[in-house]
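Reading through the structure tokens given below for one structure.
Chains as they are written, first to last, in my numbering: chain A, 1 to 296; chain B, 1 to 296; chain C, 1 to 296; chain D, 1 to 296.
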């Protein structure tokens, strides 16, 4: 009897009753850093995948959906995207996207897990695509919390690319009002703060709504946007926060001009995609309009 | 050691290397009709689910995303949605949505599998929600192919809610140029033909593009739209075809007026959702612009 | 792409890290009785399977390994197997095996779950194979605990075919010194008490050893025996207890004579199989020789 | 929600409808040699496991069941176990068991896959336990087929520890009458040839019976024996072949004497275990008595 070639599987558990099995073609790395479990694998549908603590972080085949969405609305909307700060972002793909914008003169990335950065350079070079060697890149291995407290820079865009603030995650302490206040202090008055902000599926949008509620206390405009990322098996949500600009209402001409000046070609994002991202379905708008708890 | 309560699982196979496991809370029915395997189960996340030939057809928790998307853009755009034809749609939810529109005076539904209709009435009454008893409903158990050939009605909207035209599916013969021509003959000149049209994820959008290419030979306006349906684990695509109206460009005022006249409240669809549905990401627009084969 | 025919799976969990997936060909019944979850399914390898609370109870293809092993060593060794008592045994296969012995003039079976008995009659007639209609059969739906306390019969063989005494199982209260004492009171002085007695695999033989230790306080001879039952994915263990006879040392001639008088043909058991069953590997003998706790 | 720690699973496929999932605690190695896919993993229940082409080869927790069974009946029965030949046996555990016998003065092991030998030394040192450094060990990386043809030694015991002769396996050409004849030429007249010989479960004993039928043409005594190896999820079968000695009937005194002279302590095997191994259940004896095809 012919045997399947697939004897090793990556099982992502969404809830104890919902599992996604991916057959593994190759395991490049599986181990533990000081902060988290890390695996780098390859599957037939998604190509190489980075898995942290059993959660898909990004996949070769569709990471551009995620990274273009995190970076470009914020940079297109910022009045001064010359100095950009990335919190997390170990794979280097958020850095890559930011540096495609010629207005960016310096991009600082602070990630606590230097091992993930090194593993990404070694196994996932397609993610950073040379960005770590760009003279405009400043990569700091360290605690974003401490960085935000001690740094005195002012950034035209701050991009938060942290893992979900689950109980055991190294990102957990970064979701608090103190940290949100620190972030705002580092943001230029005309700047935009964009963060990956949990999921927007009908069955798990509560954490996103809590982040939105919290950030409305800090910013005049707090806009939800989301894209379905197949490798995440989820509608992935983001928030764009600013006192100066309503990113959801960014004019088409401005987006077109921004996209045209980027080095290289986009895969996902342009003005039409922007409309999709920021046009929310009824059930999500209703959830976002509800009262509820906030991060303390 | 405490045992999991979940010993029975529904495994949906997307490819031999990508599987989604749903723990089954209850199996209401599992058997075979003359046309296909049918199961009605219940899971914690998605509630009741209808599974045909191992593929999720619809789930209690998010079927409104799918059914509102299939029905309302077409009915909002049609100049005369008084007489509506549904191909397939055995669960009765497409019928339910169509009958929420007070302009609809008759809605004919033709499904080949009477057993699925009966099972849906018995186990999935939430789907039809009384629609089968609406005096405007005309439910025909029979071959849509023969119906289209023999019928002489003219419909302001035709909604195709067939299963995927896979090799063994009863829907397979319904995706051909002959049938598309038959459908057009039954459509009012100012009418809209909307069909569920396979998937739009980056990894499986070829079949959708083939449908779009084929239908462009029949209609002046052929617009793709899609929604992520969590229970399908996919970006589900549709096509809106018309010689009279560009559904993608439907004015907000018209959609607002249409939605306001519906009986009951929408869960998913309104003007803002319409923008989302019809705003396509770059990679999908590129795929749709490519040359390729068509249905013969 | 051709789809697997198997979309429904029975997953038996041995530990949270060891799972066995069986593709389900047909689900005959899945529901809950007053006492437990019950499913009757069919798989390609094992035929029909009875599943109680997510554990395989018996399978058409190899149930004879289990039931011949539970019944025949005890009946072959008993000086007076004319009156037999079965505790549990809802499927009717233990009854069937006991009634194959022409010396048995009455066989009383006490099972608490009448629904399992009825479901077995309906869906698993191969198990009882007419035994429920044998005039020597006396089937009592009721609590074995109460029966043992109130009954005043004397049995030449008592066969305990209860489910594992896990925390939530209806069998749990039946594993106590009080009940063991009640059983002994009902056993003829020359009789044999045989029980299914958990597993004997290297990784889970502690419960078996605990049962053996407990029963050594009640009987002169307490012998472990076991068979690998593929549908259980385990080495399944039993205990043969008697004050009169060392079942492990039963002479070949006696076993041959016993087997020859049975109605019909055995699948698994005879004298050579008896040697296999009662010849224990070193690691199990070492485990059985250890001190440890007992049932109170 | 607390996430399971287990996101990576080893799935052993027995048939397309019977799968065993083992949660992986650690992956030491996963790659491909010139001959086969190799993985070395660790699981909670079985400890370290060697997996070749998706099949479990041996596991730390119960490999002694397999290796003591392959080696000791043959060596106990051989009149002259001073020179031993092992075919296959890359992990080094068959070598280890053979060298525990003080009568063995030389043990030659021929395995085609030097990478498996090296990986075993590195990751599975518990298997060989120093045997590779024993001066009596002669390890030859090479084709057993060529070795058997070209060698002119005479061995008191030949132990075949090859993988299953499946279509794509490197072991496939070694199951032929030519090779069986070559093996017999290398065996001392008073020697014993023992081989792992597929499975003996009720559902897959055909290949074992075919091996037995073929070897009966070469030897006076061909005895089947088997043990349930939990990590294999199967009753694993062996054959002991000799013109001089009926291994199944080996006297207890001889086994006792043999075992007592071994260095170190056995985990599984002694005289009582020998009785278990060679006492076959009825259904297997019936299968072995049937006519059928043979290896050509």
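Glycine included, each C-beta is placed from N, C-alpha and C at the ideal position.
Of all the CB atoms in chain B, is at least one closer than 8 Å to the CB of residue 114 of chain A?
For this step, residue 114 of chain A is matched to residue 114 along the first chain. No - not a single Cβ of chain B is within 8 Å of the one on residue 114 of chain A.
Using a Cβ-Cβ distance under 8 Å, would residue 263 of chain D count as near chain C?
Taking the first residue of the fourth chain as position 1, residue 263 of chain D is located at position 263. No, its Cβ sits nowhere closer than 8 Å to a Cβ of chain C.
Neighbourhood of residue 292 of chain C by C-beta distance below 7 Å, restricted to the same chain and skipping five residues each side
Along the third chain, read from residue 1 onward, the residue named residue 292 of chain C stands at position 292. Answer for residue 292 of chain C: 209, 210, 213, listed in chain order.
Nearest-angstrom Cα separation, counted from residue 215 of chain A out to residue 222 of chain A:
By one-based count along the first chain, residue 222 of chain A stands at place 222. By one-based count along the first chain, residue 215 of chain A stands at place 215. Going from the Cα of residue 222 of chain A to the Cα of residue 215 of chain A covers about 7 Å.
Proximity winner among B:6, B:56, B:174, B:121, relative to residue 162 of chain B (alpha-carbon distances)
The sequence position of residue 162 of chain B within the second chain is 162, counting from 1. Residue 162 of chain B has its Cα closest to that of B:174, out of B:6, B:56, B:174, B:121.
If you draw a straight line from the alpha carbon of residue 267 of chain B to that of residue 179 of chain C, how long is it in whole angstroms?
Numbered from 1 along the second chain, position 267 holds the residue referred to as residue 267 of chain B. Numbered from 1 along the third chain, position 179 holds the residue referred to as residue 179 of chain C. Each residue's Cα considered, the two are about 59 Å apart.
What are the residues in the segment 50-84 of chain A lying within 8 Å of chain D by C-beta distance?
51, 53, 54, 55
Put residue 3 of chain B into one of helix, strand or coil per three-state DSSP.
As a working mapping, residue 3 of chain B is identified with position 3 in the second chain. Confidence at residue 3 of chain B is low in this model, with a pLDDT of 42, below 50, so the placement of that residue should be treated as unreliable; the coordinate-derived value is given next. Looking at residue 3 of chain B - three-state DSSP - the assignment turns out to be coil, as it is neither helix nor strand.
Mind checking if residue 275 of chain A is an interface residue toward chain B, Cβ cutoff 8 Å exclusive?
In the first chain, counting from the first residue as 1, residue 275 of chain A sits at position 275. By this cut-off, residue 275 of chain A is an interface position.
Residue 201 of chain B versus residue 155 of chain A - alpha carbon distance:
For the purposes of this step, residue 201 of chain B is identified with residue 201 of the second chain, where counting begins at 1. For the purposes of this step, residue 155 of chain A is identified with residue 155 of the first chain, where counting begins at 1. Those two C-alpha atoms are separated by around 35 Å.
What separation, rounded to the nearest whole angstrom, lies between the Cα atoms of residue 25 of chain D and residue 48 of chain D?
What you label residue 25 of chain D is simply residue 25 of the fourth chain in a count that begins at 1. What you label residue 48 of chain D is simply residue 48 of the fourth chain in a count that begins at 1. Answer to the nearest angstrom: the Cα atoms are 9 Å apart.
What do you reckon, are the CB atoms on residue 116 of chain A and residue 38 of chain A nearer than 8 Å?
For the purposes of this step, residue 116 of chain A is identified with residue 116 of the first chain, where counting begins at 1. For the purposes of this step, residue 38 of chain A is identified with residue 38 of the first chain, where counting begins at 1. The answer is yes: Cβ separation under 8 Å.
Quick one: grab the DSSP three-state call for residue 260 of chain A.
Position 260 of the first chain, counted from the first residue, corresponds to residue 260 of chain A. Looking at residue 260 of chain A - three-state DSSP - the assignment turns out to be helix.
List the DSSP bridge partners of residue 205 of chain B.
Position 205 of the second chain, counted from the first residue, corresponds to residue 205 of chain B. Answer is none; residue 205 of chain B lacks a bridge partner.
Return the chain-ordered list of same chain residues with a C-beta closer than 6 Å to the C-beta of residue 269 of chain C, the five sequence neighbours on each side being excluded.
Start at 1 with the first residue of the third chain, and residue 269 of chain C comes out as number 269. Excluding sequence neighbours, residue 269 of chain C sits near 68, 72.
Rank C:141, C:257, C:127 by C-alpha distance to the C-alpha of residue 61 of chain C and give the top, closest one.
Here residue 61 of chain C is taken as the residue at index 61 of the third chain, counted from 1. The residue with the shortest Cα to Cα distance from residue 61 of chain C is C:127.
Relative to the C-alpha of residue 195 of chain B, which residue among B:220, B:58, B:250, B:224 is closest?
Locating residue 195 of chain B in the second chain gives position 195, counting from the first residue. Among B:220, B:58, B:250, B:224, the Cα nearest to that of residue 195 of chain B belongs to B:224.
For residue 160 of chain B and residue 112 of chain B, what's the separation of their Cα atoms in angstroms?
Taking the second chain and counting its residues from 1, the one referred to as residue 160 of chain B is at position 160. Taking the second chain and counting its residues from 1, the one referred to as residue 112 of chain B is at position 112. The alpha-carbon atoms of residue 160 of chain B and residue 112 of chain B are separated by roughly 13 Å.
Separation of residue 63 of chain C from residue 281 of chain D, as counted between CA atoms
In the fourth chain, the residue the question calls residue 281 of chain D occupies position 281. In the third chain, the residue the question calls residue 63 of chain C occupies position 63. About 14 Å.
Would you say residue 8 of chain D lies against chain A (beta-carbon separation less than 8 Å)?
To locate residue 8 of chain D, count along the fourth chain from 1; it is residue 8. Interface residue, yes.
Is residue 249 of chain A close to chain D? Criterion is C-beta to C-beta, closer than 8 Å.
To locate residue 249 of chain A, count along the first chain from 1; it is residue 249. False, the Cβ-Cβ gap to chain D never drops below 8 Å.
Which word fits residue 261 of chain B, buried or exposed, when buried means at least 16 other C-beta atoms lie within 10 angstroms of its C-beta?
Here residue 261 of chain B is taken as the residue at index 261 of the second chain, counted from 1. Looking at its Cβ environment, which holds fewer than 16 other Cβ atoms inside 10 Å, residue 261 of chain B is exposed.
What is the C-beta distance between residue 176 of chain A and residue 296 of chain A, in whole angstroms, given that I count them as a contact (C-beta under 8 Å)?
Numbered from 1 along the first chain, position 176 holds the residue referred to as residue 176 of chain A. Numbered from 1 along the first chain, position 296 holds the residue referred to as residue 296 of chain A. Yes, they are in contact, since the Cβ atoms of residue 176 of chain A and residue 296 of chain A sit about 7 Å apart, within 8 Å.
Inter-residue spacing [alpha-carbon to alpha-carbon] between residue 189 of chain B and residue 141 of chain B
As a position in the second chain, residue 189 of chain B is number 189, starting the count at 1. As a position in the second chain, residue 141 of chain B is number 141, starting the count at 1. Each residue's alpha carbon lies about 27 Å from the other.
Determine which residues share a DSSP beta bridge with residue 23 of chain A and list them.
Counted from its first residue, the first chain places residue 23 of chain A at position 23. According to DSSP, which records beta bridges pairwise, residue 23 of chain A is partnered with A:9.
Residue 17 of chain D touches chain A at which residues, Cβ-Cβ below 7 Å?
Numbered from its first residue, the fourth chain carries residue 17 of chain D at position 17. Going along chain A, no residue has its Cβ under 7 Å from residue 17 of chain D, so there is no contact; the nearest lies around 11 Å.
Roughly how many angstroms lie between the CA atoms of residue 183 of chain B and residue 33 of chain D, to the nearest whole one?
In the second chain, the residue the question calls residue 183 of chain B occupies position 183. In the fourth chain, the residue the question calls residue 33 of chain D occupies position 33. Their backbone Cα atoms lie some 58 Å apart in a straight line.
Can you give, in chain order, each stretch of the beta strand (DSSP E) that sits fully within the segment 158-242 of chain D and has at least 3 residues?
187-199, 221-229, 234-242
Reduced DSSP category for residue 296 of chain B - H, G, I as helix; E, B as strand; rest coil:
Taking the second chain and counting its residues from 1, the one referred to as residue 296 of chain B is at position 296. Three-state DSSP puts residue 296 of chain B in coil, outside helix and strand.
Quick check: residue 110 of chain C and residue 84 of chain C, are their CB atoms within less than 8 Å of each other?
As a first step, residue 110 of chain C must be located in the third chain, where it is residue number 110. As a first step, residue 84 of chain C must be located in the third chain, where it is residue number 84. Contact flag unset, no.
Taking only runs of the alpha helix (DSSP H) that begin and end inside the segment 101-169 of chain C, which ones reach a length of at least 4 residues, in chain order?
114-123, 125-128, 144-150
Neighbour list for residue 282 of chain B in chain A, Cβ cutoff strictly below 8 Å:
If you number the second chain from 1, residue 282 of chain B lands on position 282. Chain A residues near residue 282 of chain B: 266, 267, 268, 269, 270, 272, 273.
Would residue 226 of chain B and residue 235 of chain B be called neighbours here (beta carbons separated by less than 8 Å)?
On the second chain, position 226 is the one that residue 226 of chain B refers to. On the second chain, position 235 is the one that residue 235 of chain B refers to. Yes, the Cβ-Cβ distance between residue 226 of chain B and residue 235 of chain B is below 8 Å.
With H, G and I counted as helix, E and B as strand and the rest as coil, what does DSSP make of residue 99 of chain A?
Here residue 99 of chain A is taken as the residue at index 99 of the first chain, counted from 1. Reduced to three states, the DSSP call for residue 99 of chain A is helix.
Backbone secondary structure at residue 55 of chain C - three-state DSSP:
Here residue 55 of chain C corresponds to residue number 55 of the third chain, with the count starting at 1. Correct three-state label for residue 55 of chain C: strand.
By alpha-carbon positions, which one of C:273, C:272, C:274, C:279 ends up nearest to residue 274 of chain D?
Numbered from 1 along the fourth chain, position 274 holds the residue referred to as residue 274 of chain D. Here the closest residue by C-alpha is C:279.
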